[in-house]
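Numbering-wise, the sequence shown is residues 1 to 580 according to the UniProt record's numbering.
This report concerns only the one structure given below.
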Amino acid sequence: MMNAKDPSDERNVNAGDCHVETIPGLAKDEKEPGPVENGAHNEVIKGDDSDGRLNWSATSILAYICLTFIFTGSQQPLYFTAGSLEFIIKDVGGSSTGSWLPIAYTLAAAVPIPFAGYLQDIFGRRLILLFATSLTMVGLIILGTAHSFPQAVVAMALCGTGAGIAELAAFAGVTEVVPVKARGYSVAFMTVVATPFGPYPLYCQLLSTRATWRWGIWMVLIFQGIALLGAALLYFPSKHSRLVGLARKDVIKNIDYVGGLLSLAGLTLLLVALNNGGYLYHWKSAKVLVPLILGIVAIGAFVVWERYFAKVPIAPRVLFRGSIIPKAFIISFVGGVNFYSLSNFAPIYFTNVYHTDPVTTGARGIGLSLGVIWGAVLGATFVSRFPKYAKWCITICCAIMTSFIGSLAAGNPSNPGYVVAASTIGGLAVGGLIVPASTYATVACPDDLIATTVGLILALRAVGGSIGFAIYYNIFRNKLDTKLPTTIAQYAVQAGLPLSSATEFVTNFLTNATALATVPGVTPAIIAAGAEGSRWAFASSLKYIFYTSIPFGVIATGCAMWLGDITPLMTNRIVATLNH
């Protein structure tokens, strides 16, 4: 059994008898608000090396492992869908709107996270975790049996909703049952569990070409099913709440319903607009402008409500003070921007610049996915092992991310090895800043705001990623729409294509490749030259994305340099125990 000082015992101690720990960056006489009790904040009590004792039993270990499985499994529906997207579209349809499968997942995962984290810190995690994981499994079942595009979109929305909330609950659950100073180790272990899923690009290609893409979905379903069963039987954390001492009806009365509605509406409208703009609709279209404006207004109203009117806010002001959590928020936001540039556009090199067989294409993407995982493992470990220097680890990762993602602009059809190496190192750096930044924030936040803090970080990362995708995609499309036809024509003409056939050749090349042989003057060598021109056009268009990522990386690096020192907060204090 895990034994620790009950957090509720600390709340019953007189504040004057305790050493009060202030968050770095606050004035010495400004005491940081802590848990909400009867609508008012208590002070954060600093733990020491005698107030937390952790004894692992077999059931505690298994419960902990189940949480790590749920965390890992919650990320896989998106990866296995994105990795098999072209095969799914061929099977269920939706060729013109196929990207709405990952978009539906991302939207559904990001929107409820802030409110879900808030509710977890009030009502506890167990039931929310079990419900969210069950919802993910329902979505996986629908996706695995889908025979139409609308079915697949609904399935991805259900998967995203459940997986986003479950990932949040598992992250918070894993961090609160270990000493504060061990949270980095805990998060590192939780992340390393994802290593077997790291080669998912290869898995997706092999399953889709030699069996069916549906087997990837069934694998994730089985994995999550085992984790859900284990958590249902073994995961019973001690209860602690932002609203201790209140009757249940008073707790329900004090929930920030207005803030929840504004955050849900604002994020939904904003993310829909960002994902539609320049892709499905023109940026000047009412279908983009209306949700974009309404989303910005709703988020603005949310900020005002939380700042001046909410009694128990979803985004407490305490999280925006000091030199740690606010900068961790910014790093997560900017990290999301650059993570999306890397994860969404680097693979285009492997599919459109280097035309190879599916297995080779999948193998080249393994370095990127494993790099993100192991960057996160090493970075989170560093936070606990060397807390005094943790901010410099994050700073270096930001600098490496900026350099190597930016260096992908040098990719071209003749250097696949370079792109694989640069994307792998860039992935290591992205993992080494996104997860450690989250860990950094959980160390500094009040005990009863762990899920709230993680929820805000995940939401900011998703919003940053959507903004980044909107920026990068529009840059890419604008460049490609110009370069692709002209470069194909240039290479084909240089190979001997008559100028009079250039327009017809390019049109057929891009829309009806089977008709190329009917174009006057076309030979196999000319078709090969056109394909070579296509590869160079993609490479030339992609480089502008990676150039654009550099300023975002510089911002993240600057914030990381000014992160506060978490060393005074690295104690043996344990927030919750596992009761058996």
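Built from N, CA and C at the ideal position, the CB exists for glycine as well.
Of the listed residues the options, nearest to residue i (C-alpha basis)
{"i": "K311", "options": "Y281, V251 and A346", "result": "V251"}
{"i": "L269", "options": "N254, Y257, K253 and A286", "result": "A286"}
{"i": "F404", "options": "G184, L319 and N338", "result": "N338"}
{"i": "K239", "options": "W283, A531 and E176", "result": "E176"}
{"i": "P237", "options": "Y64, Y544, A502 and P199", "result": "Y64"}
{"i": "G533", "options": "S263, L484, F87 and I475", "result": "L484"}
{"i": "T452", "options": "P102, M190 and D256", "result": "D256"}
{"i": "Y354", "options": "F329, L449, N412 and A298", "result": "N412"}
{"i": "D447", "options": "A576, V519 and G335", "result": "A576"}
{"i": "K327", "options": "S60, P436, T514 and A298", "result": "P436"}
{"i": "V372", "options": "L271, T195 and A182", "result": "T195"}
{"i": "G427", "options": "N415, L229, G335 and V174", "result": "G335"}
{"i": "S134", "options": "G266, T161, H147 and S57", "result": "T161"}
{"i": "V419", "options": "A429, G124 and S407", "result": "S407"}
{"i": "N478", "options": "H282, Y340 and G225", "result": "H282"}
{"i": "F115", "options": "T557, T487, P316 and W56", "result": "P316"}
{"i": "T571", "options": "G558, R214 and G184", "result": "G184"}
{"i": "T106", "options": "C397, V193, I293 and R461", "result": "R461"}
{"i": "Q76", "options": "A172, S186, L458 and T136", "result": "T136"}
{"i": "A459", "options": "I113, D91, L516 and P102", "result": "I113"}
Neighbour flag for residue i against chain D, beta carbons, 7 Å
{"i": "L62", "result": "No chain D is part of this structure, which consists of one protein chain only."}
Three-way DSSP call (helix, strand, coil) for residue i in this model
{"i": "I574", "result": "coil"}
{"i": "Y279", "result": "coil"}
{"i": "D48", "result": "Because the pLDDT at D48 is just 45, under 50, the model does not fix this residue reliably, and the value given afterwards should be weighed accordingly. D48 falls in the coil class under three-state DSSP."}
{"i": "P568", "result": "helix"}
{"i": "P485", "result": "helix"}
{"i": "P498", "result": "coil"}
{"i": "A560", "result": "helix"}
{"i": "I237", "result": "With the sequence shown as reference, residue 237 is identified as Pro, and Ile is not the correct amino acid for it. In the structure shown, P237 sits in a strand (DSSP, three-state: E or B)."}
{"i": "W536", "result": "helix"}
{"i": "R242", "result": "coil"}
{"i": "T453", "result": "helix"}
{"i": "G530", "result": "helix"}
{"i": "T22", "result": "Note that T22 scores 39 on pLDDT, short of 50, meaning its location in the model is unreliable; the coordinates nonetheless yield the value given after this. Of the three classes helix, strand and coil, the one that applies to T22 here is coil, per DSSP."}
{"i": "S57", "result": "coil"}
{"i": "I255", "result": "coil"}
{"i": "V519", "result": "coil"}
{"i": "S343", "result": "helix"}
{"i": "P358", "result": "helix"}
{"i": "A247", "result": "coil"}
{"i": "N478", "result": "helix"}
{"i": "P446", "result": "coil"}
{"i": "N512", "result": "coil"}
{"i": "P7", "result": "Caution applies to P7, whose pLDDT of 37 falls short of 50 and renders its modelled position unreliable; the value that the coordinates give is listed next. P7 falls in the helix class under three-state DSSP."}
CB-CB length for residue i against residue j, believed under 8 Å
{"i": "V178", "j": "W100", "result": "At roughly 39 Å, the Cβ-Cβ gap does not stay under 8 Å, so V178 and W100 are not in contact."}
{"i": "F509", "j": "G530", "result": "5 Å"}
{"i": "residue 585", "j": "F69", "result": "Look at the range of the chain in this structure, 1 to 580, and you will see that residue 585 is not part of it."}
{"i": "V220", "j": "G367", "result": "Contact doesn't hold; Cβ gap of about 22 Å is too wide."}
{"i": "L129", "j": "A231", "result": "6 Å"}
{"i": "G83", "j": "F149", "result": "Wrong, their Cβ atoms sit about 18 Å apart, outside the cutoff."}
{"i": "L246", "j": "L456", "result": "Actually they are not in contact, since the Cβ atoms of L246 and L456 sit about 24 Å apart, beyond 8 Å."}
{"i": "residue 583", "j": "I434", "result": "Only positions 1 to 580 of the chain appear in this structure, which leaves residue 583 out of reach."}
{"i": "I545", "j": "F345", "result": "5 Å"}
{"i": "I314", "j": "G260", "result": "7 Å"}
{"i": "L109", "j": "A163", "result": "The identity of residue 109 in the sequence shown is Ala, whereas the question assumes Leu. Their Cβ separation, rounded to whole angstroms, is 6 Å, which keeps A109 and A163 in contact under 8 Å."}
{"i": "A273", "j": "V288", "result": "5 Å"}
{"i": "G464", "j": "P498", "result": "About 49 Å; that fails the 8 Å criterion."}
{"i": "V111", "j": "L271", "result": "7 Å"}
{"i": "V180", "j": "L578", "result": "Actually they do not touch by this definition, with Cβ atoms about 17 Å apart."}
**Prompt:** Can at least three beta-carbon pairs, one atom from the segment 534 to 542 and one from the segment 292 to 306, be found at a separation below 8 Å?
**Reply:** no
| task | Give, in chain order, every unbroken run of the alpha helix (DSSP H) that is at least 4 residues long and sits entirely within the segment 363 to 439. | result | 366 to 385 and 390 to 407
Any alpha helix (DSSP H) of 4 or more consecutive residues that is wholly inside the segment 62 to 130: 85 to 92, 100 to 110 and 113 to 123
Problem set entry | Uninterrupted alpha helix (DSSP H) stretches inside the segment 285 to 327 (no shorter than 4 residues) | 286 to 308
(Q) Quick check for students: name the residue ranges of the alpha helix (DSSP H) that lie wholly in the segment 193 to 220, counting only runs of 4 or more. (A) 200 to 210
**Asked** Do the segment 355 to 365 and the segment 485 to 496 make contact, defined as three or more Cβ pairs closer than 8 Å?
**Response** no
Pair every Cβ in the segment 379 to 393 with every Cβ in the segment 350 to 360, then say whether three or more of these pairs are closer than 8 Å. no
Next on the checklist: Runs of 4 residues minimum, wholly inside the segment 125 to 183: which ones carry the alpha helix (DSSP H) assignment?
Outcome noted: 126 to 144 and 149 to 176
**Item:** contact_flag[the segment 401 to 419, the segment 379 to 386] where n(CB pairs < 8 Å) is 3 or more
**Value:** no
_Check whether the segment 154 to 163 and the segment 129 to 142 touch, using three or more Cβ-Cβ pairs below 8 Å as the test._
yes
Would you say the segment 466 to 481 touches the segment 276 to 293, given that touching needs at least three Cβ pairs under 8 Å? yes
key: the segment 120 to 137 touching the segment 159 to 168, judged by at least three CB pairs closer than 8 Å   = yes
For this session: Please confirm if the segment 558 to 574 is in contact with the segment 318 to 327, defined as three or more CB-CB distances below 8 Å between the two stretches.
Result: yes
Touching by the beta-carbon criterion (3+ pairs, under 8 Å), the segment 81 to 89 and the segment 194 to 211
yes
Meets three-Cβ-pair contact criterion under 8 Å: the segment 338 to 354 and the segment 410 to 427: yes
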